[in-house]
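Down below is the structure, laid out as structure tokens.
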Amino acid sequence: MAKLGSALFNRLVIIIPYAWLLFFFLIPFFIVIRISLSETAVAMPPYLPVFDLASGIGGIIDNIKQFSIDNYIWLTEDALYAKAYISSLWIALVSTFLTLLIAYPVAYGMAQAPNTIRPTLLMLVILPFWTSFLIRVYAWIAILKPEGLLNQLLLTLGVIDQPLIILNTNWAIYIGIVYSYLPFMVLPIYSSLEKMDHSLTEAAQDLGCTPIRAFWRVTFPLSMPGVVAGCMLVFIPAVGEFVIPDLLGGSETLMIGKTLWNEFNANRDWPVSAAVATILLLILVVPIMFFQHAQSKADSEGR
Amino acid sequence: MKSLGSIRRSFAPWADPKSVPFIAVKNVTKKFGDFTAVDDLSLNIYPREFFALLGASGCGKSTLLRMLAGFEQPTSGEIILDGQSLAGIPPYKRPVNMMFQSYALFPHMTVENNIAFGLKQDGMPKADIAARVDQMLKLVKLDKFAKRKPHQLSGGQRQRVALARSLAKRPKVLLLDEPLGALDKKLREETQFELMDLQQELGLTFVVVTHDQEEAMTMADRIAVMAHGKVVQVATPPEIYEAPNSRFVADFIGDVNIFDGTVSSAGNGTVEIATQSGFTVRVASAELPAVGANAGFAVRPEKIRVGRDRPACAPLNAVQGEIWDIGYLGDMTVFHVKLKDGKVIKASSLNAVRAVEDPIGYDQEVWISFDENAGVVLKD
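For the protein sequence lines, the chains are A and B, in the order given. Position in the first sequence (from 1) plus 38 gives the number in the numbering used here. Position in the second sequence (from 1) plus 423 gives the number in the numbering used here.
Here's what the structure looks like:
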């Protein structure tokens with residue numbers, strides 16, 4: 039009986055994450071797709087058709103027949119959307135790269151630090167999360183604006199003779215994204231570096247590598263899983279980022295998150311914004327699936 | 424391959440005052456903060472020698488090895504390799520290679536690439552690298568596993584990859600840190616002999632660090648027994664076993680019985696010690712301690728006879744006791760004999776015949792005895 043009970047328990051434990059995915063990812067996702075196939079309407083909810091169980095199966099089939107892909111065609115007709123997608127991907131790419139440049143040395147330093155101070159360092163990386171994300175982004179406005187802290191500091195030091203215009207440019211967005219997502223990059227890289235056997239770099243040196251070569255030939259390749267995980271954790275949310283471009287970016291900054299917001303709130307065009315969201319998801323998910331497929335293939339080839 | 428036994432037996436460069444040491448460790452001290460890991464240590468290691476550093480953990484043997492490899496710098500003193508001081512030379516410029524205790528195989532590279540790693544750093548032409556890797560793979564009998572990754576190999580195979588990798592660059596000296604520590608007993612015994620053959624075949628100098636005395640005894644030409652950062656004795660395995668120079672070495676290597684006492688007479692190449700167990704030991708000894716001095720007498724269990732009859736030499740080198748414990752090991756039987764003063768003596772006797780009539784049993788009164796040249800005097 040105990041065995042049966044534990045088997046049942048094991049199944050229940052597995053069900054929890056699947057149930058989570060079903061309720062909080064798959065079902066909302068299908069609702070979004072369903073809205074994206076509808077037409078906008080001046081109604082509540084603001085789209086047609088609306089399913090009504092009272093109309094019976096025939097009514098529902100009629101409703102499904104009204105679905106169209108017009109919204110998707112619309113996205114291809116207006117260059118705004120393509121530009122917003124490309125610009126979002128580009129901004130996310132640059133920010134991810136900058137985050138990696140900063141996060142890797144931080145993670146490396148943490149992994150090299152004595153065991154006794156590692157928990158403190160880890161705490162310091164996580165600490166900013168204790169303050170509201172929105173407040174921290176607002177704080178950057180105060181730092182970056184023409185009469186802000188940064189410009190005052192540089193002016194006082196005599197590095198510049200007139201204020202730098204950073205706020206409301208793409209640079210402000212890069213800074214905002216790098217700052218906000220840094221822990222997501224540091225932590226996976228740190229965890230992959232931290233569990234690495236120190237004798238590997240010693241072995242590389244013993245076999246004739248200078249410390250720098252040993253890093254590039256051994257340490258860095260072995261930290262790749264952490265780097266890839268960190269890049270994904272930064273890149274994916276950065277593509278759809280709304281708050282940072284809205285607060286720090288300029289009026290001409292085009293990011294898909296902002297476009298989506300406009301369609302949804304300003305235009306009240308739920309179907310088009312649902313289509314925007316669906317395409318965004320495809321743009322992100324499809325390459326990742328290819329990547330993972332290639333990865334597992336490379337793994338199994340080694341066997 | 425022809426047997427290398429005869430070469431091995433006649434190999435004793437340390438006994439020849441004209442031979443030049445290949446590695447000379449001169450008064451090396453290594454401190455980590457307040458802790459002295461290696462304390463004013465001097466050692467000579469000769470070309471083609473299989474040298475073992477033996478000691479308990481924390482005795483400084485690994486630190487010494489890491490100083491030879493270049494991962495640690497001596498706080499003071501100097502290490503000379505082949506006439507050249509190693510001071511300030513980083514690990515990647517030293518003509519030595521190390522086999523790590525954890526093997527430290529690069530998990531993201533195939534066996535082949537692991538072995539080729541050091542050669543690539545040297546900028547060796549590709550064709551030569553391939554030929555050398557092939558040769559190394561054959562040497563360690565892993566030719567079929569060239570394309571595997573380390574995690575697809577067994578412990579013994581990994582050990583051989585690590586060995587091949589550290590030998591691929593043809594180092595002047597190979598350093599081995601507990602090379603067989605991670606293998607099971609049977610594999611360890613096989614590998615010991617493989618390592619010895621390999622060392623003879625390649626004509627290299629091996630320095631091996633181990634805490635396993637059996638491993639050191641089997642493989643090494645000479646053993647340095649270390650304790651508290653110092654070398655206690657450097658000698659061949661038979662010398663270490665039969666003529667330990669101190670109580671520590673006698674106790675550390677193998678089983679031993681030590682009788683404490685005072686020297687009652689010394690002369691003519693024999694020393695007599697009146698032991699606290701109430702009998703006198705007469706022992707052949709080249710070194711003669713002063714009469715009246717405290718001294719110990721060490722004798723190995725296999726050199727002690729156990730019998731019911733009073734031996735002819737009694738009361739010299741013989742004492743009565745009671746059988747306290749018997750361990751039957753198949754090839755031999757170990758007796759624990761309790762003497763009158765409460766001291767328990769270990770004696771082992773070979774089981775030369777299958778069945779003994781009336782074997783010695785528990786609680787019986789017995790005599791233990793030994794010859795004049797069975798043990799050694801330990802000065803305190």
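From the three backbone atoms N, C-alpha and C, an ideal C-beta is built for every residue, glycine too. Please read these numbers as outputs of a predicted model, since none were measured by experiment.
- Chain A places no beta carbon closer than 8 angstroms to that of PHE458(B), leaving this residue out of the contacts.
- At a cut-off of 8 angstroms, the C-beta of PHE568(B) has no neighbouring C-beta in chain A.
- Take the alpha-carbon of ALA312(A) and the one of LEU318(A): they are about 10 angstroms apart.
- Taking 8 angstroms as the upper bound for CB-CB distance, VAL760(B) and GLY744(B) are in contact here, some 4 angstroms apart.
- Shown here, GLU637(B) sits in a helix according to DSSP, grouped into three states.
- Residues of the stretch 686-718 of chain B with a Cβ closer than 7 angstroms to any Cβ of chain A: none.
- Counting only the Cα atoms, CYS247(A) lies some 17 angstroms from PRO530(B).
- Cβ-Cβ distances below 7 angstroms link GLU725(B) to SER771 in the same chain, with the five nearest sequence neighbours on each side left out; the list follows chain order.
- Taking C-alpha positions only, THR486(B) is separated from SER133(A) by approximately 45 angstroms.
- Secondary structure note for GLN787(B): it is in no beta strand (DSSP E), with a DSSP letter that is neither H nor E.
- Within the same chain, and ignoring the five residues on either side of ASP551(B) in sequence, the residues whose Cβ sits closer than 8 angstroms to its Cβ are LEU542.
- When 8 angstroms is used as the limit between beta carbons, LYS592(B) is near these residues of chain A: LEU245, GLY246, in chain order.
- Assignment of beta-bridge partners to ARG705(B) by DSSP yields GLU695(B).
- Under the 8 angstroms criterion on CB atoms, ASN520(B) is classed as interfacial with respect to chain A.
- Under the Cβ criterion of 8 angstroms, GLY541(B) is counted among the residues facing chain A.
- Under the Cβ criterion of 8 angstroms, PHE494(B) is counted among the residues facing chain A.
- A straight line joining the alpha-carbon of ASN520(B) with that of MET547(B) spans about 17 angstroms.
- Remark: C-beta atoms of PHE758(B) and SER237(A) do not approach each other more closely than 8 angstroms.
- If the five residues before and after TYR526(B) are omitted, its C-beta is found closer than 6 angstroms to the C-beta atoms of ARG581, ALA585, all from its own chain and listed in chain order.
- When only Cα atoms are considered, SER499(B) and ASN450(B) end up about 7 angstroms apart.
- Within 10 angstroms of the beta-carbon of ALA332(A) lie fewer than 16 other beta-carbons, which makes it exposed.
- Counting along the chain, the unbroken alpha helix (DSSP H) around MET262(A) starts and ends at 262-277.
- The closest CA to that of PRO594(B), considering only SER465(B), ARG728(B), ARG517(B), is found on ARG517(B).
- The secondary-structure analysis by DSSP pairs LYS761(B) across a beta bridge with GLU745(B), VAL767(B).
- Within the stretch 495-518 of chain B, PRO514, TYR515 place their CB atoms closer than 7 angstroms to a CB of chain A, listed in sequence order.
- Between SER525(B) and chain A, the shortest Cβ-Cβ separation is below 8 angstroms.
- With fewer than 16 other CB atoms across the displayed protein chains lying within 10 angstroms of its CB, GLN104(A) is exposed.
- Its chain contains ALA149, THR257, LEU260, SER261 as the residues whose beta carbon lies nearer than 8 angstroms to that of MET234(A), once the 5 sequence neighbours on both sides are disregarded; these appear in chain order.
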